[in-house]
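Heads up, the thing below is written out as structure tokens.
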Amino acid sequence: MATNNVTCPHCWEGGLRTLLVGIAAGASATAALLLTRKSLGIVSVGGGHSLKHRVLDVAAATMQPKYPLAAMSTYLNGFHMYADDMGRQVEATHFCIHLRHDLHQCVIFDSNRPDARRIGIEYIIPGERFLQLPDDEKRLWHSHHYEVKSGLLVAPGIPELAERAYFKDLVTTYGKTFHNWQYDRDDFPYGAPQLMMGFTQDGQIDPLAVDARDRRLGISTEERRHKRYDIPMPDVAPGANAWEAGHAVQTRIEEVEFKRRD
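Numbering (my numbering), first residue to last: 107 to 368.
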């Protein structure tokens with residue numbers, strides 16, 4: 107079969123045309139991408155990939171459908187803290203999809219730049235679904251009431267009315283978040299995924315981090331906070347934000363017995 111494909115003139119010509127079109131599209135897209143990266147001040151992505159790899163990457167991006175990525179319709183920016191250490195606070199850029207009526211799923215990056223590092227994931231559920239969780243599971247989840255009301259959580263670039271409508275729903279939800287890249291410590295994804303939490307009251311978040319975020323995105327957290335004053339503040343369900351009781355849960359790597367196939 108392979109020999110026939112190679113020796114068949116029509117098959118070869120069709121395959122060659124497809125290959126040339128793909129390479130041309132990839133080269134054109136690569137040139138555009140390189141210009142975009144240059145305008146953003148990004149000299150090299152991935153530690154200096156060769157032109158060949160960049161062409162292949164962009165050609166694949168042009169020719170291959172990526173439906174789960176295309177479905178990520180919501181862009182959010184906020185902050186997380188490590189579940190066992192409020193002093194470790196990181197900015198988190200979310201891209202989310204409303205997977206079903208009671209579940210959102212988000213991919214989290216350290217920024218919204220072409221060279222952003224994928225640092226984690228988050229699942230978001232409504233309060234009714236949270237109440238159905240086992241008590242041990244609830245300890246892994248945090249509320250979004252303060253993040254929304256305080257203006258810490260934003261949806262950059264969309265009209266205010268649309269953002270407001272979205273956050274009126276999100277204020278009553280709960281999230282379970284794990285970061286697998288501790289980028290506040292290392293420029294490499296070392297170690298086990300870490301459970302993250304959200305902030306629940308004033309005085310917890312580093313104001314310098316918020317100011318830096320606001321300047322970069324051209325927004326005002328205080329202005330967002332003021333405009334959300336009449337979004338109803340929900341009661342937080344028992345079991346969420348477990349760290350507030352003075353004890354936290356966190357993931358660790360441990361050695362276990364390997365189970366062979368029966």
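For glycine and all other residues, C-beta sits at the position ideal for the given N, C-alpha and C.
Taking all protein chains shown into account, decide if His285 is buried (16 or more other Cβ within 10 angstroms of its Cβ) or exposed.
By the beta-carbon neighbour count (other beta carbons within 10 angstroms, threshold 16), His285 is buried.
Please check the pair Leu246 and Leu301, which I expect to be a contact at CB under 8 Å, by giving their CB distance rounded to whole angstroms.
6 Å
Sorted by chain position, which residues of the same chain lie with C-beta nearer than 6 Å to His210's C-beta, five sequence neighbours on each side aside?
The answer, listed in chain order, is Cys202, His204 and Ile230.
Taking only heavy atoms of the ligand ZN into account, decide whether any of them is closer than 7 Å to the Cβ of Ser249.
No copy of the ligand ZN appears in this structure; indeed no ligand is present at all.
Can you name the residues that DSSP bridges to Gly281?
Gly281 pairs with Ile230 and His248.
Please classify Thr136: is it buried, with 16 or more other beta-carbons within 10 angstroms of its beta-carbon, or exposed?
Note that Thr136 scores a pLDDT of 47, beneath 50, so its modelled location is shaky; the value from the coordinates is reported in the next line. Buried: at least 16 other Cβ atoms inside 10 Å.
For the beta strand (DSSP E) containing Thr168, name the first residue and the last one.
That residue, Thr168, is in no beta strand (DSSP E); its alpha helix (DSSP H) goes Leu157 to Met169.
Could you check what DSSP says for Ala198 in three-state terms: helix, strand or coil?
strand
Beta carbon of Thr283 nearer than 8 Å to that of Glu228:
yes
Cα-Cα separation, Arg331 to Ile311:
14 Å
Rounded to whole angstroms, what's the CA-CA distance from Lys244 to Pro232? Just pull it up for me.
Put simply, the backbone Cα of Lys244 is about 13 Å away from that of Pro232.
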